[in-house]
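The next block holds one structure in the form of structure tokens; read it before the comments.
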Amino acid sequence: WPNLIVQREMNTLGIRQLVPTGPNEFIMKWTMFGFEGDTEEMTRHRLRQGNLMGPAGFLGLEDNEAIKFVQDGMLRVPGGEHYVALDPATPFGTSETLISESAIRGMYRHWREVMGL
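For the sequence shown, my numbering gives the first residue as 4, with consecutive numbering after it.
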């Protein structure tokens, strides 16, 4: 990790995983879950929700495009090595609103602790 995203939105539970397939390529694997006690009606409902959250859904489509933009931007930098940094001077982000980067900064802060960095 951090190539794994666990999502829990609108009564859905899913995992998205970025899997590198080469130096300039990746695939995104999607797994959507149901529960053993789900009725047939609930299973159909979860499948419909997956059309919103899943790989071809409105929300998933935007996420995939954002990841592709980052990857394409990296490819334009000469030298073959890339470094994306979060400014350590602002460890909790730069916004006081609900729309901020504090969640991603917290995830990477934890990742650095786990990795001993």
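Note that CB positions come from ideal geometry on N, CA and C, so glycine has one too.
Assignment of beta-bridge partners to Ile30 by DSSP yields Val22. In the DSSP annotation of this structure, the continuous segment of the beta strand (DSSP E) that includes Val9 starts and ends at Leu7 to Glu12. Scanning its chain for C-beta atoms nearer than 7 angstroms, with the 5 sequence neighbours on each side dropped, one finds around Val9 the residues Ile18, in chain order. Residue burial annotation: Gly82 is exposed, with fewer than 16 other C-beta atoms found within 10 angstroms of its C-beta. Gly109: member of the alpha helix (DSSP H) spanning Ser105 to Met118, first to last residue.
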